[in-house]
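Presented below is the structure to which this report refers.
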Amino acid sequence: MSALLSEILDPKLVILELREETAAEAILEIVERLRDHGLVQDYYRLADAVMEREGRTSTNTGEGVAFPHARTDLVDRIILGIGRSTAGIRFGHSKDLVHLIFLVGVPQRRVTDYLVCVGALARVVKEKTRRDALMAATTAEEFVEQLREGAHLVE
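The sequence shown begins at 510 in the numbering used here and counts up by one.
As structure tokens, this is what we get:
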């Protein structure tokens, strides 16, 4: 579990303050970051796949966190892009705004790894103190360090 999450956590893929105000725009902004770092070529199709999945069932946990994702062959390995919004973004029909977005793209053949990865992230952000620390992080490196500590990836 730890190895997989450790492999995909990258400060370059963390957006500390999303510019966008809607779920669709925020998803596109995060997917563009993944594209900018060479992790996805057809980023519009990936964003569409994530939005299609989000449209079926919102991934808003109700605690200010969402895990939008897509199982797709548009990526050849599990990828994770993270966005943070101080103001919050409405995801789905919930009245609770989302402040932390963990967007995952996963190849069809790696669904089990996806479940392990999202499970690890969900356990980390379940604690309010950890969510508060993530919201208070001033750098992407500090943000990732908070995730690593929460997932016990720090030696």
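Heads up, the beta-carbon is just placed ideally off N, CA and C, and yes, glycines get one too.
Nonlocal neighbours in the same chain, by C-beta distance under 6 Å from residue i, ignoring five residues either side
i      : result
Val663 : For Val663, the pLDDT reaches just 43, beneath the cut-off of 50, and the residue's location in the model is therefore unreliable, leaving the point undetermined.
Chain-order list of residues whose beta-carbon lies under 7 Å from that of residue i (same chain, five-residue window excluded)
i      : result
Glu541 : Tyr552
Glu530 : Ile598
Other residues of its chain near residue i: CB distance less than 8 Å, five sequence neighbours each side excluded
i      : result
Gly573 : Gly597, Asp605, Leu606, Val607, His608, Leu609 and Arg640
Glu652 : Here residue 652 turns out to be Phe, not Glu, going by the sequence shown. Within the same chain, Phe652 has close Cβ partners Pro520, Val523, Leu525, Ile591, Arg593, Leu643 and Ala646.
Residue i in three-state terms, based on DSSP
i      : result
Phe611 : strand
Ala575 : strand
Val523 : strand
Ser511 : Only weak support exists for where Ser511 lies, its pLDDT of 49 falling under 50; the coordinates are left without a value.
Arg632 : helix
Leu606 : strand
Glu597 : In the sequence under discussion, the amino acid at residue 597 is Gly, which differs from the Glu named in the question. Gly597 falls in the strand class under three-state DSSP.
Thr647 : coil
Glu654 : helix
Contact belief for residue i with residue j at Cβ below 8 Å, rounded distance in angstroms
i      : j      : result
Ile536 : Ala556 : 6 Å
Leu665 : Val584 : As shown, the chain starts at 510 and ends at 664. That puts residue 665 outside it, with no answer to give.
Those residues which DSSP pairs with residue i across a bridge
i      : result
Gly590 : Leu612
Arg580 : Val615
Thr531 : Arg599
Residue from the options whose Cα sits closest to the Cα of residue i
i      : options                           : result
Ile517 : Ile591, Gln550 and His602         : Ile591
Arg562 : Ala575, Glu538 and Ala631         : Ala575
Ala532 : Ser515, Gly628, Val523 and Leu612 : Leu612
Leu525 : Ala660, Thr638 and Leu643         : Leu643
Ala579 : Leu589, Gly571 and Thr570         : Leu589
Ile587 : Ile539, Gly564 and Val549         : Val549
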